[in-house]
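Structure first, commentary second.
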Amino acid sequence: MDFFISEEKIQDEYEALCKEEDEVDKQLEKLLSKKTGLDGKIRDIAKAIPNLDIVNSDAKQLAEMVAVTSKLAENVSAKVRQLDIARGRVSECQQRVHDLLDLQLCSDGVQAALRAEDYEKAAVHVHRFLSMDQHLLKQTADDMAQDCQTVANSLRLLREAASKLRDIVSEQFQAAVSVNDLASIERFFKIFPMLGMHAYGLDNFSKYLCSKIKDNSSTKLRAALSVKESEKHFCIVFADCITSLFEYVAHTLEIHQPLIETYYGFGYLVKMMAHLQEECDRQSKLVLNEFSRVRNLSRRIQTVKELLRGVSNPKLDRIDPKDLDALLNEITAIHSRYQLYSRFVKRRIVADLEAAGKTEDEAISVLSDNDLCKSMQELIGQYILLEHYYMEESVRKAVSMDVLDNGAMTSSMIDDIFFIVRKCIRRAGSSSSIDGVCAVVNFAVTVLETQLCSAIKQVLKQGFPSGYLDLTQAYTVVMQGRLQQSDSEQTKLTFLTYLNNGEQSTEYVNTLVKGLCEEVQCYTEQERAKLDSCLAGLSAVTASLGAVADYGMQQLQVSAIKPRVGPWVDTFLTMNHQLSEDEFASYEANEPFVRNLIMNLETLLSEFKNRLLPNNYDSLITILAVEVSSQIEKVILKTTFNRLGALALDKEIRALVSYLSKATTWSIRDKFARLTQILTVLNLEKVSEITDYWGSLSWRLTPAEVRQFMSLRIEFKSDEIKRLKLQ
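Heads up, the sequence shown is in our numbering, so the first residue is 104 and it goes up one at a time.
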C-alpha cells in the first residue's frame with residue numbers, strides 16, 4: 104500500500120524533532136556546566152586518599168588497644184565484684200554481732216529506764232530492739248555457740264517491756280489530754296513513733312487538736328449569735344467568726360507541722376491535715392448554716408430568682424438593693440478569708456508533697472476535695488445571683504431618677520450607673536474569686552448595653568428640634584422678659600446632654616477597664632487570661648455606645664445642620680463668577696460668600712460649643728465640614744467660571760478650610776479632599792495640564808467627574824475636554 108504523507112505533517116514532525124534536539128542540547132549544556140565543579144571534587148578526593156590510608160591504619164591500632172583495655176577492665180571489675188560481696192558479708196556479720204551485744208544492753212537499759220520513769224530513754228531502747236531481726240539473732244547465737252537461752256530471755260524481756268511501755272505512754276497521753284497539758288501531750292506524742300505506734304499517736308493527737316478547734320469555733324459562734332442587730336459590727340459578725348476559725352486552724356498547722364514532719368514523716372502530716380480539714384469543714388458548715396438562717400439567705404435567694412425570671416406574683420415584694428449591700432459585703436469577706444486560708448495551707452504542704460514525689464495537682468486535690476470547698480463554691484454562686492439583682496435594680500433606679508443639673512454637661516445617671524458598676528466589680532474582686540469577678544463583669548456588660556444604651560437612645564430618638572438658639576434670639580428672649588426656657592429649648596438641652604452621656608460613658612468604660620486590669624489580683628496565668636477575656640467584652644461596650652452616639656449625631660445633622668447649611672451655601676448661586684480684573688479685586692477684598700458663610704457657621708457652632716463635650720463638639724464640626732463640602736460641590740456644578748472666578752473660589756475655600764481646622768482639634772482637611780481636587784481642575788491654565796496632576800495624586804474624582812467640572816470653565820473647549828485620555 105502507498106501511504107500519502109502531507110507536507111504539513113512532515114513540517115510538524117520536523118519541528119517536533121527540532122524542539123526535542125534543542126531540549127537535549129540544553130540538558131547537555133547543563134551537564135557540561137557541572138564538569139568543572141566535579142573535576143575539582145575528584146581532585147580533592149584524590150588528594151585525600153593518602154590521608155585516608157593513614158586514618159585506616161590508626162583506626163585499626165586504636166581498635167586493638169580498646170580491645171585489650173576492655174579485657175583488662177572486665178578482669179578488674181570481676182575482682183571488684185568479689186570484693187564487694189565479701190565486704191557486704193563482713194558488714195552483715197558485724198551488724199549481727201552488734202545486734203547481739205546491743206540486745207543485752209537494751210534488755211538491761213529498758214528495765215532501768217522504766218524503774219526511773221525515764222520513758223524517752225526506755226523508748227530509745229525499745230526502738231533499737233524493734234529495728235533488729237529477731238530470727239537472725241537466734242541464728243547468730245547458734246552460729247557463735249552462745250547460750251540461746253540468754254538471747255531468748257532478753258527477747259522476751261524486751262517484748263514485755265515494749266508492751267508495758269506502750270500501755271504506760273498511752274495512759275499518760277490520755278491523762279495529759281484530760282487536763283489539757285500541752286507540754287506532756289507533745290512529750291508522749293514524740294514517743295509513739297519510737298514504739299511503732301505512728302497511726303495510734305497521730306489519730307489521738309489529731310483528735311485532741313480537732314477538739315481544740317471545735318471548742319474555739321463554738322465559743323466564737325456563740326459570741327457572734329449574741330451580737331444585737333443594733334450593734335455596729337452586726338453586719339460582719341459571721342465573717343469575723345469564720346475568719347477566726349480559719350486563723351485557728353492555720354495557726355495549729357503552722358505550730359505542729361515541724362513536729363509531725365520530724366517524728367512521723369511527711370505521709371502522716373498529710374493524714375493529720377486531712378483530720379484538721381474535716382473538723383474545719385464541720386465547724387465552717389455550722390457557721391455558714393447560722394449565717395444563712397440569721398441573714399434569711401435562702402428566702403432572699405428564692406425571691407431574687409423569681410424577680411430575675413420576671414415571675415408575676417402579687418405577694419412578691421421587690422427587695423431594695425440597699426438591703427442587700429451589707430449581705431453582699433459579708434459574703435465576699437467570708438469567701439476572701441477562705442481563699443486566704445487555702446493559699447496558706449497550699450504553701451505549707453505543696454513543697455512537701457512534691458518532695459515526696461507527688462505532683463502539684465495531687466497536692467491541690469488534697470485541699471480542694473472537701474466539703475468546705477464545695478460550700479464556698481455554693482456561697483459564691485449565691486453571691487453572684489444577688490449581685491446580679493443588686494446591679495440591675497440599682498441601675499434601673501439610677502435611670503428612673505435621672506436629672507439634669509444646671510451647668511452640668513451630663514445627667515446624673517451616668518455618674519450613678521458607673522459608680523454602681525465599679526462598686527459591684529470591685530466587691531467581686533474583694534472575694535478573691537476570679538469566676539465571681541468575671542460573672543459580675545459580664546452582668547455589667549449586659550446592664551450597660553441594655554439599660555444605659557437604651558435609656559440614651561430613647562431620648563435621642565425624639566430628635567433635636569429645629570430652630571435657633573443663637574445670640575440674637577437669646578437677647579430677644581431676655582428683653583421680652585421670657586427668662587424661662589421654652590419646651591423646645593429644654594428638649595434641645597436634654598438632647599445634647601444625653602448625647603454627652605454617650606461620650607462620657609465611653610470614657611468611663613475605658614477608665615474602668617484600665618483600673619480593673621491593675622486592681623483585680625490574679626494568681627495564675629489561666630486566671631489572667633480569663634479576666635482579660637471578660638474585660639475585652641466590657642471594652643466592647645464602647646462599640647454600642649459609639650453606635651448610639653453616631654445615631655445622635657445623625658439626628659443632629661438632619662435637624663440642626665443640613666436645614667441651615669443649605670440656604671447659606673445657596674447664596675453662592677446669586678453671585679457672578681465670571682469676573683473681570685476689577686471685579687476680582689473687589690471680590691477678593693470683600694469675600695462676600697465665604698465671610699457670610701463663616702459668620703453663620705460660627706453662630707451655629709456657638710450654640711453647641713459650651714453644651715457638648717470636646718469629642719462630641721469635634722464630631723459635630725466634622726459632620727459640618729462634610730455637609731458644607733457636599734453642599735458647595737452641588738452649587739459649583741450649577742455655576743460657570745472664568746479663570747479669575749475659579750481663583751476667587753479657591754481662595755474662599757482655603758479660608759473656609761482654615762477656619763474649620765482651627766475650630767477643632769481633629770484633622771478635617773481630608774473631608775475637603777474632593778472639593779480641593781475640584782478647585783485644582785477649575786484653576787488649570789489649559790485642559791492638557793490635567794495630565795501633569797492625574798498620575799501624581801490619589802484622585803477622589805472619576806474621569807467623568809473631572810470632565811464635568813472642566814466643562815464649567817468657559818475658556819475650556821468641549822472638544823479638548825472630550826479628547827482627554829484619563830484612566
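Positions of the beta carbon are idealized from the N, C-alpha and C atoms, including for glycine. Remember, it's a predicted structure, so these values are computed and weren't measured experimentally.
Alpha carbon to alpha carbon, how far is residue j from residue i? Give it in angstroms, no decimals.
| i | j | result |
| --- | --- | --- |
| Ala162 | Met168 | 10 Å |
| Lys617 | Pro717 | 22 Å |
| Arg585 | Leu715 | In this predicted model, Arg585 has a pLDDT of only 43, less than 50, meaning its place in the structure is not dependable enough to derive any value. |
| Asn178 | Arg190 | 19 Å |
| Ser683 | Ile756 | 20 Å |
| Arg698 | Ser722 | 23 Å |
| Ala166 | Ser180 | 21 Å |
| Val506 | Ser515 | 6 Å |
| Gly510 | Leu676 | 42 Å |
| Leu727 | Lys564 | 21 Å |
| Ser273 | Cys541 | 54 Å |
| Lys754 | Leu787 | 15 Å |
| Val282 | Glu289 | 13 Å |
| Ile701 | Tyr611 | 35 Å |
| Arg772 | Ser764 | 7 Å |
| Tyr366 | Pro296 | 7 Å |
| Gln185 | Gln164 | 32 Å |
| Leu551 | Glu382 | 45 Å |
| Phe711 | Glu393 | 60 Å |
| Glu332 | Gly655 | 50 Å |
| Leu175 | Val183 | 12 Å |
| Lys137 | Lys112 | 38 Å |
| Glu72 | Glu621 | Lying before the first or after the last residue shown, residue 72 is absent from the chain, which here runs from 104 to 830. |
| Leu204 | Arg231 | At Leu204 the pLDDT is 47, less than 50, meaning the model places this residue with poor confidence; the figure from the coordinates comes in the next sentence. Those two C-alpha atoms are separated by around 12 Å. |
To which residues of the same chain is residue i closer than 7 Å at the C-beta, ignoring the five residues directly before and after it?
| i | result |
| --- | --- |
| Met479 | His438 and Tyr441 |
| Ala776 | Arg803 |
| Ala766 | Leu708 and Ile724 |
| Glu116 | none |
| Lys665 | Glu730 |
| Gln360 | Leu372 and Arg451 |
| Thr597 | Leu507 and Val562 |
| Phe567 | Lys595, Phe598, Gln658, Leu659, Ser662 and Ala663 |
| Ser401 | Ser395 |
Cutting at 8 Å between CB atoms, please list the residues of its own chain near residue i, excluding the five before and the five after it.
| i | result |
| --- | --- |
| Tyr578 | Because the pLDDT of Tyr578 is 42, which lies under 50, any placement of that residue in the model is unreliable, and the number read from its coordinates should be weighed accordingly. Cβ neighbours of Tyr578 beyond the five flanking positions: none. |
| Ser821 | Ser814 |
| Tyr626 | Arg446 |
| Leu379 | Ser309, Leu312, Cys313, Ile316, Val352, Thr355 and Leu356 |
| Val790 | Met813, Phe819, Lys820, Glu823, Ile824 and Leu827 |
| Leu615 | Phe521, Val524, Arg525, Ile528 and Leu641 |
| Ser109 | none |
Return the first residue and the last residue of the alpha helix (DSSP H) that residue i is part of.
| i | result |
| --- | --- |
| Trp797 | Ile793 to Trp797 |
| Pro568 | Premise fails: Pro568 is in no alpha helix (DSSP H) and is neither H nor E. |
| Asn786 | No alpha helix (DSSP H) contains Asn786, which DSSP labels as neither H nor E. |
| Phe598 | Asp590 to Glu622 |
| Phe687 | Glu684 to Asn693 |
| Gln681 | Looking at the DSSP string, Gln681 is not in any alpha helix (DSSP H), and its letter there is neither H nor E. |
| Leu638 | Glu628 to Ser642 |
| Leu134 | Glu110 to Ser136 |
| Met479 | Asp474 to Ser503 |
| Trp802 | Neither: Trp802 is in no alpha helix (DSSP H) and is coded neither H nor E. |
| Asp519 | Ser515 to Ser533 |
| Arg667 | Lys665 to Asp673 |
| Leu563 | Cys556 to Leu563 |
| Ile537 | Ile537 to Val550 |
| Glu75 | Given that the chain is displayed from residue 104 to residue 830, the structure contains no residue 75 and the question cannot be resolved. |
Among residues of its own chain, excluding the 5 on either side of residue i, which ones have a beta-carbon nearer than 6 Å to its beta-carbon?
| i | result |
| --- | --- |
| Lys559 | For the record, residue 559 in the displayed sequence is Ile; it is not Lys. Contacts found: Tyr601, Asn604, Gly605 and Val651. |
| Lys742 | Reading the sequence as shown, one finds Thr at residue 742 and not Lys. Hits under 6 Å: His680. |
Per the DSSP calculation, residue i is bridged to which residue(s)?
| i | result |
| --- | --- |
| Arg816 | Phe744 |
Looking at the C-beta of residue i, does it have a partner C-beta in chain D at a distance below 8 Å?
| i | result |
| --- | --- |
| Ala181 | This model lacks chain D altogether, as it is built from one protein chain only. |
At what residue ranges does the region 288-360 contain a whole run of the beta strand (DSSP E), taking only runs of 3 or more? Correct list: empty.
Could you tell me which whole beta strand (DSSP E) segments of length 3 or greater appear in the region 705-774? With a minimum length of 3 residues, no continuous beta strand (DSSP E) run stays inside the region 705-774.
Going residue by residue through the region 357-407, where are the continuous alpha helix (DSSP H) segments of at least 4 residues, counting only ones entirely within it? Counting only unbroken stretches of 4 or more residues, the alpha helix (DSSP H) elements lying wholly within the region 357-407 are 369-397, in sequence order.
Considering only residues of the region 154-197, which uninterrupted beta strand (DSSP E) runs meet the minimum length of 3 residues and lie entirely inside it, listed in chain order? The region 154-197 contains no complete beta strand (DSSP E) run of 3 or more residues.
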